Structure formats: C-alpha cells, structure tokens
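In terms of my numbering, the sequence shown opens at residue 3 and continues consecutively.
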Amino acid sequence: VLTEDMKLTVIGCGYLGATHAACMAELGHDVLGVDVDADKVSRLQAGEVPFFEPGLADVLRRNLAAGRLRFTTDHRDAAAFASVHFLGVGTPQVRRGYGVDLSHVESAIDALTPLVRGEHLIIGKSTVPVGTAAALSQRMAVLTAPGSRVDLAWSPEFLREGFAVEDTLEPDRLVLGTDPDDEDDRAEQVITEIYREILETGVPFVRTDWATAELVKVSANAFLATKISFINAVSEICENVGADVSTLADAIGYDARIGRRFLNAGLGFGGGCLPKDIRGFMARADEVGAGQALRFLREVDAINTRRRSAMVELVADAVGGDVLGTNIAVLGAAFKPESDDVRDSPALNVAGQLALRGASVAVFDPKANDNSRRLYPTLAYAQSAVEACEQADAVVVATDWAEFVHMAPEELADVVRARVIVDGRRCLDAAAWRSAGWRFYAIGGPM
Ligand code: UGA
C-alpha cells in the first residue's frame with residue numbers, strides 16, 4: 003500500500019518547498035526535503051530558514067528536533083525514503099519572452115523517476131502552464147524502471163509569502179488534478195490520507211483532471227492581478243479629477259460580489275508569482291490558440307508597470323519637478339511587507355528609476371536590504387528608516403511595512419532636509435503627517 007507509514011519527500015526547498023516540507027512534518031508525517039543546492043540543504047538541516055518567512059523557523063526546528071524532518075541533496079535518498087513525492091521547484095519566467103522556464107521541473111522528474119522502484123506517486127505543486135502534467139507524464143513513462151509504476155498528480159499551492167505556514171496548514175481549498183485517462187483513485191486516497199487533519203476541518207476539496215488543476219492556479223493569480231490593476235486603473239482617473247480611490251474602494255468593496263480585499267491601490271503588484279504568472283498564462287494561451295482570450299492581461303500588466311513610473315513622476319513633482327541632485331529616502335524594498343523577497347519589486351524599481359534620474363537614493367527595508375543590495379548594488383542602504391531619511395528632500399514609502407505605517411512624523415521631522423512625504427501604498431495617516439507640518443503626496447489621488 004502506498005500510504006503505509008506516510009513517509010513523503012518534498013523536492014525543491016525554496017519558499018514553497020521548504021514551507022511544505024516543514025508543514026507536512028507538522029501534520030505528523032515523516033518528511034525528507036530534497037534540493038540540489040547543498041548550502042540551502044545544510045542551512046535547513048541546521049534549523050535555519052534561508053529566507054524571511056514569519057513563523058517558519060519555529061515549525062522547522064520543532065520538526066527537526068522531533069526527528070520527523072530532514073534534508074538531502076541526493077535524489078537516491080528520496081527514491082529510497084518514500085513512495086510519495088511532492089514537487090515544489092521554481093518555475094521562473096524565461097529570460098527571453100513571456101514563457102515559463104520548466105527546466106527545474108523537468109530535471110527533478112528526470113533525476114527521480116529512473117531511481118524509484120515499485121509504485122510511486124509524484125504530486126506537482128509548482129505553478130505550471132496547462133498541459134505540463136500531461137507532457138511530464140509522457141516523459142516519465144520513458145524513464146520508469148521496468149516493473150515499476152510512477153503516477154503523476156497536480157495539486158497547486160496557493161500560499162502567500164508572509165502567511166506561508168498559515169496558508170499551508172489552513173488553506174482555503176485543496177485542489178487535486180489527476181490523469182483523466184486513469185480510472186483508479188490512488189492519488190486521491192494518498193492525498194486524503196496526507197491532508198486528513200486539514201480535510202477534517204471541512205475545507206473544500208476539488209477533485210479534477212490535470213489541465214483544470216493547472217489552470218485553477220494561474221486563473222486565481224490572474225484574477226488577483228486583474229483586481230489590483232482594476233483599482234489602479236481607476237486610481238489614474240481619481241488622480242486626474244481629484245477623487246479618492248481608497249474611499250471608492252471601500253464603497254465598492256461593501257458589495258459582497260466585489261469584496262474589499264485586494265483592492266488596495268498604490269504601486270501595484272510584484273514578486274515571484276503574479277507578474278510572471280500572468281505572462282506565462284498569456285504565452286500558453288497563445289500556444290493553445292486562444293491568445294485573444296487573455297489579451298486583457300497585457301493591459302493588466304501595463305497598468306501595473308505604469309504605476310511605477312507614475313510614482314517616480316509624483317516624487318519629482320513633490321521635490322519641485324526634477325529629482326536630479328536631490329536626496330530621496332525610499333522606505334521599503336521588498337515587494338510586500340513581511341517578506342524579504344525583492345523579485346520584480348515595485349519598491350526597488352522605483353528606487354532604481356529615481357537613481358537613474360540622478361537622485362541620490364537611500365533605501366531601508368526591515369528585512370530585504372541584503373537581497374536588494376545583490377540586485378541593485380549601486381543604491382545606498384541604510385540601517386534604519388531614520389538613517390535613510392537623513393538630509394532627505396523627500397521620503398518615499400514604497401512598501402507598506404507596519405513599522406512605516408506607524409512611523410511618527412515628529413521622529414523624522416528634524417532629520418530630513420524638507421518635510422515632504424510620498425505615500426506609494428496609501429497606507430499612512432495623511433492628516434497626522436500634514437498636521438506635523440509635512441507636505442503629503444499619495445499615489446492615486448487625494449487623501
Ligand atoms: C500570490 C497569491 O496571492 C497567492 O495566492 C499565490 O499562491 C502566490 O502568489 C503564488 O502564486 O505562489 P504573493 O506573491 O505571496 O501571493 O503576494 P500577494 O499577497 O498576492 O501580493 C502580491 C503583490 O500585490 C504585492 O506586491 C502586493 O503589495 C500587491 N498588492 C496586493 C497590491 O498592490 N494591492 C492589494 O490590494 C493587494
């Protein structure tokens with residue numbers, strides 16, 4: 003029986019895989035995490051999370067100590083350890099074009115499949131273009147040892163960075179896609195066993211085919227991206243007519259069909275998922291002859307990118323028309339709070355654009371300074387918000403970290419050269435800043 007002692011492996015130990023491995027151990031399973039990066043593996047094995055994710059280190063250490071979790075670089079260990087393997091490797095955007103780079107998924111499959119003996123199940127979690135599971139399954143058929151059987155299922159992951167542990171242990175839904183030509187329900191049995199504790203809470207469990215499961219994931223992210231770009235598009239109108247997009251979002255959000263969540267206008271979306279997922283979705287739609295259906299996502303992407311340059315213009319206005327020769331403090335570099343992830347970060351993009359226009363930019367992020375420095379080594383990085391603001395002609399809030407939201411205007415007042423603040427996330431108390439003598443600007447119209 004596949005599920006005898008609920009041993010499982012998780013292949014790929016990045017944001018997704020490391021969280022999944024630790025959380026599966028937290029559910030009581032015996033877990034082996036596998037990654038080709040020896041440094042990552044030894045850090046995880048030592049109880050150190052190689053990125054910032056609230057609460058994850060506790061779960062990791064607790065389960066390492068309990069002996070339910072360990073890490074390896076060797077796929078042979080994985081093949082011998084368990085007959086159920088989650089696949090959580092990265093699927094970045096290709097270097098040229100909008101497509102998705104599946105090389106990590108393919109090399110994980112190629113490494114593992116020939117090594118396993120008996121009946122195994124691989125459960126893909128990575129975000130992939132529709133049709134990937136079917137193609138991988140054919141690839142696996144060639145690689146499987148004679149007399150063995152390796153099934154493939156796809157169960158997309160919906161976790162948000164910053165809430166990764168919570169989203170894994172208390173998901174909104176579980177989705178499982180399997181081979182539409184396969185009659186038996188082994189994958190469903192295995193998943194039901196693995197997630198028993200979660201399923202007992204009554205969480206919706208959507209059972210479907212590979213293609214639908216793959217599409218669920220990219221559609222969800224495309225919808226979220228569209229929601230953000232929708233409100234940002236409306237915010238462009240608000241800016242031109244002096245209306246307030248936040249009040250507008252509150253008002254439309256009271257309609258339960260619309261909902262207030264994910265309607266925060268500002269600098270827009272970034273990170274390793276939404277931007278590349280909408281592009282990958284468009285690329286795949288083209289390939290399957292339905293490119294026209296997703297043409298609106300181009301506009302979603304364009305609206306999003308436009309917010310970044312609009313922000314740069316707003317900062318220029320705030321300092322009198324031109325940022326050349328000014329000192330600008332950029333507070334926030336991560337693509338969102340509670341994360342150290344700077345992939346496609348709107349905040350860093352704005353900091354970079356300001357520097358290119360001749361401003362002298364000092365960046366401070368509570369967690370992402372190191373990652374930012376690797377990406378933009380020419381910007382200056384400060385050890386605190388106050389230090390970044392020294393002699394600033396304008397302070398730009400680019401990521402809505404709680405520490406910036408709750409900053410006291412008085413604290414910065416004597417540090418800066420001019421009391422000018424530009425809110426890129428519409429997260430500050432405008433009245434409080436104004437009454438402390440600051441000129442206050444917000445992207446998206448009056449506040
Ligand atoms: C996103 C999805 O929310 C997850 O459900 C999904 O699992 C994940 O991608 C993934 O595919 O792995 P994440 O990238 O962690 O999660 O971040 P989000 O919380 O979605 O935020 C994305 C960006 O949108 C951030 O830059 C954030 O600042 C921005 N945002 C979010 C807004 O500009 N306005 C909003 O109202 C909400």
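Every residue, glycine too, gets a C-beta built ideally from N, C-alpha and C. Bear in mind that the values here come from a model prediction, so they are computed numbers and not experimental data.
Rounded separation between residue i and residue j - CA only
| i | j | result |
| --- | --- | --- |
| residue 152 | residue 143 | 8 Å |
| residue 71 | residue 47 | 9 Å |
| residue 262 | residue 122 | 44 Å |
| residue 355 | residue 379 | 14 Å |
| residue 14 | residue 39 | 9 Å |
| residue 332 | residue 421 | 14 Å |
| residue 81 | residue 118 | 5 Å |
| residue 307 | residue 326 | 22 Å |
| residue 301 | residue 237 | 15 Å |
| residue 368 | residue 68 | 32 Å |
| residue 235 | residue 51 | 38 Å |
| residue 205 | residue 163 | 21 Å |
| residue 390 | residue 256 | 38 Å |
| residue 213 | residue 133 | 6 Å |
| residue 217 | residue 414 | 48 Å |
| residue 264 | residue 424 | 21 Å |
| residue 394 | residue 337 | 23 Å |
| residue 182 | residue 126 | 16 Å |
| residue 78 | residue 137 | 24 Å |
| residue 406 | residue 388 | 11 Å |
| residue 288 | residue 233 | 27 Å |
| residue 429 | residue 188 | 48 Å |
| residue 12 | residue 105 | 17 Å |
Buried versus exposed call for residue i [16 or more other C-beta atoms within 10 Å across all chains shown]
| i | result |
| --- | --- |
| residue 408 | exposed |
| residue 6 | Confidence in residue 6 is poor, its pLDDT being 47 and thus under 50, which makes the residue's placement unreliable; the coordinate value appears in the next sentence. So residue 6 counts as exposed. |
| residue 311 | exposed |
| residue 374 | buried |
| residue 18 | buried |
| residue 3 | Reliability fails at residue 3, whose pLDDT of 41 lies under 50, so the model's placement of it is uncertain and no value is given. |
| residue 224 | buried |
| residue 139 | buried |
| residue 279 | buried |
| residue 268 | buried |
| residue 157 | buried |
| residue 329 | buried |
| residue 342 | buried |
| residue 352 | buried |
| residue 115 | buried |
| residue 266 | buried |
| residue 435 | buried |
| residue 299 | buried |
| residue 159 | buried |
Where the beta strand (DSSP E) containing residue i begins and where it ends
| i | result |
| --- | --- |
| residue 255 | Counting along the chain, residue 255 falls outside any beta strand (DSSP E), though it belongs to the alpha helix (DSSP H) covering 247-255. |
| residue 122 | 121-126 |
| residue 300 | Counting along the chain, residue 300 falls outside any beta strand (DSSP E), though it belongs to the alpha helix (DSSP H) covering 297-320. |
| residue 444 | 441-444 |
| residue 266 | Here residue 266 belongs to no beta strand (DSSP E), and DSSP marks it neither H nor E. |
| residue 326 | It is not in any beta strand (DSSP E) - residue 326 carries neither H nor E in the DSSP assignment. |
| residue 174 | No beta strand (DSSP E) contains residue 174, which DSSP labels as neither H nor E. |
Beta-carbon proximity of residue i to residue j, cut-off 7 Å
| i | j | result |
| --- | --- | --- |
| residue 426 | residue 240 | no |
| residue 364 | residue 396 | no |
| residue 179 | residue 215 | yes |
| residue 272 | residue 221 | no |
| residue 29 | residue 199 | yes |
| residue 438 | residue 411 | yes |
| residue 320 | residue 334 | no |
| residue 274 | residue 376 | no |
| residue 124 | residue 154 | yes |
| residue 176 | residue 169 | no |
| residue 93 | residue 43 | no |
| residue 252 | residue 339 | no |
| residue 167 | residue 58 | yes |
| residue 27 | residue 36 | no |
| residue 399 | residue 317 | no |
| residue 107 | residue 128 | yes |
| residue 381 | residue 357 | yes |
The ligand ZN heavy atom lying under 6 Å from the CB of residue i
| i | result |
| --- | --- |
| residue 230 | Only the ligand UGA can be found as ligands here, which leaves the ligand ZN out of the picture. |
Min CB distance residue i to chain C below 7 Å
| i | result |
| --- | --- |
| residue 402 | Of the chains in the structure shown, none is chain C; there is only one protein chain. |
Alpha helix (DSSP H) segment containing residue i, residue limits
| i | result |
| --- | --- |
| residue 145 | 134-145 |
| residue 17 | 17-28 |
| residue 239 | 212-243 |
| residue 44 | 40-47 |
| residue 337 | First-last for residue 337: undefined, no H or E at that position. |
| residue 78 | 77-83 |
Exercise. Is the stretch 94-102 touching the stretch 58-76, taking contact as three or more C-beta pairs under 8 Å?
Worked result: no
Exercise. Touching or not, the stretch 13-23 and the stretch 79-93, by the rule of three or more beta carbon pairs under 8 Å?
Worked result: yes
Exercise. Do the stretch 238-252 and the stretch 282-292 make contact, defined as three or more Cβ pairs closer than 8 Å?
Worked result: no
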